[in-house]
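Trainee: First residue of the sequence shown? That's -1 in my numbering, and the numbers climb one at a time after it.
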Amino acid sequence: MRNFENPLTLLKAILVRIPLVLKVIFLHSIRLSPVHGKQDLRTELTVAVIRSLLSFSSSISQQQKASMRDPGIKGPMWVSKVTFPPPEIDVQHAVVNAIEALKTGEETYNLPGVAPVEAEWTGYRSGVDKNAPQPDISEEVKYEALKQESKEDMVILYFHGGIYFLMDPCTHRPTVAQLSKRTGAPVLSVRYRLAPQHPFPAALTDALVAYLSLIAPPPGSLHDPVPARKIILAGDSAGGNLALVLCQLLLTLRRTQPTLRFHGRDLHSIDLLPAGVATSSPWCDMTRSMPSVAHNAIYDYLDAPTSTPATEPYFRPLVVPADDIWPVKPPRVDLYTHASALLHPLVSPIASTPALWTEAPPIFMSIGEEGLTDEALVLARTIHRAGAPIYVEQFEGMPHCFGLVMLDAPAGRRFYDGMARFCRQAVDVAAADRAADKPALPDQTRSGEITYIGYKLLSEKTIPLEEAVPLTDEEIEERLRVNALWRQEGERELQREWAEKAQL
-1 MRNFENPLTL LKAILVRIPL VLKVIFLHSI RLSPVHGKQD LRTELTVAVI RSLLSFSSSI
59 SQQQKASMRD PGIKGPMWVS KVTFPPPEID VQHAVVNAIE ALKTGEETYN LPGVAPVEAE
119 WTGYRSGVDK NAPQPDISEE VKYEALKQES KEDMVILYFH GGIYFLMDPC THRPTVAQLS
179 KRTGAPVLSV RYRLAPQHPF PAALTDALVA YLSLIAPPPG SLHDPVPARK IILAGDSAGG
239 NLALVLCQLL LTLRRTQPTL RFHGRDLHSI DLLPAGVATS SPWCDMTRSM PSVAHNAIYD
299 YLDAPTSTPA TEPYFRPLVV PADDIWPVKP PRVDLYTHAS ALLHPLVSPI ASTPALWTEA
359 PPIFMSIGEE GLTDEALVLA RTIHRAGAPI YVEQFEGMPH CFGLVMLDAP AGRRFYDGMA
419 RFCRQAVDVA AADRAADKPA LPDQTRSGEI TYIGYKLLSE KTIPLEEAVP LTDEEIEERL
479 RVNALWRQEG ERELQREWAE KAQL
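(1) I'd like the list of long-range same chain contacts for Ala200, defined as Cβ closer than 6 Å, with 5 residues on each side in sequence excluded.
(2) Counting C-beta neighbours from all protein chains within 10 Å, is the total for Phe420 16 or more, i.e. buried, or is it exposed?
(3) Give me the residue from Ala374, Glu105, Gly369 with the minimum Cα distance to Ile361.
(4) If you drop the 5 nearest sequence neighbours on each side, which residues of the same chain put their C-beta closer than 6 Å to that of Arg503?
(5) Starting from Ile448 and walking both ways along the beta strand (DSSP E), at which residues does that stretch end?
(6) According to DSSP, is Ala497 part of a helix, a strand, or is it coil?
(7) Which of helix, strand or coil does DSSP assign to Trp76?
(8) Taking only three categories from DSSP, how would you classify Lys36?
(9) For Asp88, which residues of its own chain have a beta-carbon under 8 Å away from its beta-carbon, when the five flanking residues on both sides are left out?
(10) Straight-line CA distance for Gly366 to Leu52?
(11) Starting from His266 and walking both ways along the beta strand (DSSP E), at which residues does that stretch end?
(12) Per DSSP, Glu503 forms a beta bridge with which residues?
(13) Among Tyr453, Ala497, Leu469, which residue has its Cα nearest to the Cα of Asp372?
(14) Are the Cβ atoms of Ala96 and Thr254 separated by less than 9 Å?
(15) Could you have a look at Leu231 and say whether DSSP puts it in helix, strand or coil?
(16) Would you say the region 309 to 319 touches the region 51 to 66, given that touching needs at least three Cβ pairs under 8 Å?
(17) What separation, rounded to the nearest whole angstrom, lies between the Cα atoms of Pro303 and Ser211?
(18) From what residue to what residue does the beta strand (DSSP E) around Thr460 run?
(19) Is Lys179 buried or exposed, if buried means 16 or more other CB atoms sit within 10 Å of its CB?
(20) Could you tell me whether the region 226 to 245 touches the region 112 to 123, where touching means 3 or more Cβ pairs closer than 8 Å?
(21) Consult DSSP for Ala433 and reduce its assignment to one of helix, strand or coil.
(22) Per DSSP, what are the beta-bridge partners of Leu131 in this structure?
(23) Give the straight-line distance between the Cα atoms of Pro280 and Gln501, rounded to the nearest whole angstrom.
(24) What does the Cβ neighbour count give for Gln146, buried or exposed, with the cut at 16 atoms within 10 Å?
(25) In terms of alpha-carbon separation, which member of Ala407, Thr81, Ile71, Val93 lies closest to Ser267?
(26) Anyone know if the C-beta pair for Trp119 and Leu186 falls short of 9 Å?
(27) Applying the criterion that 16 or more other CB atoms from any shown protein chain within 10 Å of the CB defines a buried residue, is Asn294 buried or exposed?
(28) Is the number of C-beta pairs between the region 124 to 141 and the region 60 to 74 that are closer than 8 Å three or more?
(29) For the alpha helix (DSSP H) containing Tyr141, list its first residue and its last residue.
(30) Assuming the contact rule is C-beta atoms closer than 8 Å, Met152 and Lys228 should be a hit. Round their C-beta distance to whole Å, please.
(31) Taking only runs that begin and end inside the region 393 to 436, name each unbroken beta strand (DSSP E) of 3 or more residues, in chain order.
(32) On the premise that Val188 lies in contact with Ala208, defined as a C-beta separation below 8 Å, what is that separation, rounded to the nearest angstrom?
(33) With DSSP as the reference, identify every bridge partner of Glu391, one or two as the case may be.
(34) Please classify Val14 as buried or exposed, where buried requires at least 16 other C-beta atoms within 10 Å of its C-beta.
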């Protein structure tokens, strides 16, 4: 990621992209753009510029620092910062027990430990302009102010995206403030531990700590206890992955561990399921095995993989300048996880079976015509086969997380409307205690169907999930298996080379 803290660096970045911008405008105006009829000029320019900015040539430390730059707090939002203290080691035990229960082979992983978890309470602040500074008052007073403006009796627990090694709650404040405005609910945005310093399952452990802290507030918390049935798990990209795997973790604990010790209290696993899960462009396949990673690259700023098992004998990670956090020793090919765990369901939920989603709460996915489309649809099909409520909105021609990068565009507004409506209605259904018969949510497409929203929002149609991805289960499994083995072999080769150098 590029760092534009220096104004001269920013000016240079703008100037060098003028030819790109002019080219896009020209081709779009004469209808020779390769995305003509699926992206308007604004969308096409946004994709082209973001794609040109996604440079991963600097060290991982530099990329992290640049991506986490705090823009400050201003405008129509309240932000109150909190830190939840570390709980008993029982939380790590619960995560490890779930990982072990879902293992399918010889997956390995690091023990994450438990740590304090920082987060930001965010709420919509009415009656101020976009440049209004946040008052110089205590975090407690800020929290009370945002609670007064958040009229709905629910909480959204939000996990930011960023490939599990980039970004921060501060980068997603406009997103969560929009969700708060449209739902009337406060949002708790979590600063989970980032890879590669803290690989899987550190982020999942922090997510569980944050979730349990809502339900059973530890000492020093600003909030009162929030019943699980009034909580929505939400996130974008890697954060969407984290919301989904946290839900899967809770479902697994429900089946395997009756109670969980948390700050001196025994919490009953059967009472821990949230009201719902709401995701934007969730990252469901760490191996990037599905056809859409290449087929939809034309509409997306996420590049298709440059090598495959057919072109290279060993998978090699992206080469970046070494620093004190990457590469790690012994080396990995993946920043987030050991290669052996790439297809663990709590890493890549696309690898889960319908049985793992039995009794899941309602789940919402908003996706574009992007690299991650197929993996989201495959997972949605799996969830539907489990009999769980699953609602999908797909936007023609839209890139990854389009609602976040084009917040005030028509498609962006429609995205927030759909997610906010789902959040409110999922909590209403949970409050009515109707989960046993899995009712459809009011005003939503019937569970198991995609609402396909056409170019410029001019049309809509529904598509059964069973028809959305033409791949059979066997074809999906083979793609995942081949790509996972390729990465595992690449990791073994890296470790062999590293061991040989260490002996010299």
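Glycine included, C-beta positions come from ideal geometry on N, C-alpha and C.
No experiment lies behind these values; they were computed from the predicted model shown.
Mentor: Reading it off the structure:
(1) Within the same chain, Pro110, Arg191 come within 6 Å of Ala200 by CB-CB distance, once the 5 residues on both sides are set aside.
(2) Within 10 angstroms of the beta-carbon of Phe420 lie 16 or more other beta-carbons, which makes it buried.
(3) Comparing C-alpha distances from Ile361 to each of Ala374, Glu105, Gly369 shows the shortest one belongs to Ala374.
(4) It is not possible to answer for residue 503, since the shown part of the chain is limited to -1 through 502.
(5) It spans 447 to 451 - the beta strand (DSSP E) in which Ile448 sits, taken as one unbroken run.
(6) DSSP places Ala497 in the helix class (H, G or I) of the three-state scheme.
(7) Strand, per DSSP.
(8) Correct three-state label for Lys36: coil.
(9) Closer than 8 Å at the Cβ level, and outside the excluded window around Asp88, lie Leu258, Arg259, Phe260.
(10) Gly366 and Leu52 have their C-alpha atoms spaced approximately 19 Å apart.
(11) Note, His266: beta strand (DSSP E), 263 to 266.
(12) Any property of residue 503 remains undetermined from this structure, which presents the chain solely from -1 to 502.
(13) Per the Cα distances, Leu469.
(14) Result yes, Cβ atoms of Ala96 and Thr254 sit closer than 9 Å.
(15) Residue state, collapsed to three classes: strand.
(16) With the cut-off at 8 Å, the region 309 to 319 and the region 51 to 66 touch.
(17) A straight-line Cα-Cα distance of about 39 Å links Pro303 and Ser211.
(18) Thr460 -> beta strand (DSSP E) spans 458 to 462.
(19) It counts as buried.
(20) At 8 Å Cβ cutoff, the stretches do not touch.
(21) At Ala433, the pLDDT of 47 sits below 50, so the modelled position is not reliable and the matter cannot be decided from this model.
(22) A quick correction: the sequence has Pro, not Leu, at residue 131. Answer is Lys72.
(23) Pro280 and Gln501 have their C-alpha atoms spaced approximately 42 Å apart.
(24) Counting of Cβ neighbours within 10 angstroms places Gln146 among the exposed residues, the total staying below 16.
(25) Cα-wise, what sits closest to Ser267 is Val93.
(26) Yes.
(27) Around the beta carbon of Asn294, 16 or more other beta carbons sit within 10 angstroms, so the residue counts as buried.
(28) Touching, yes.
(29) Its alpha helix (DSSP H) spans residues 137 to 147.
(30) With 8 Å as the limit, Met152 and Lys228 qualify as a contact, their Cβ atoms being about 5 Å apart.
(31) Runs of the beta strand (DSSP E) inside the region 393 to 436: none found.
(32) Between the beta-carbon of Ala208 and that of Val188 there is about 5 Å, and that keeps the pair under the 8 Å contact cut.
(33) Note: Glu391 sits in a beta bridge opposite Ser364, Thr449.
(34) Per the 10 Å Cβ criterion, exposed.
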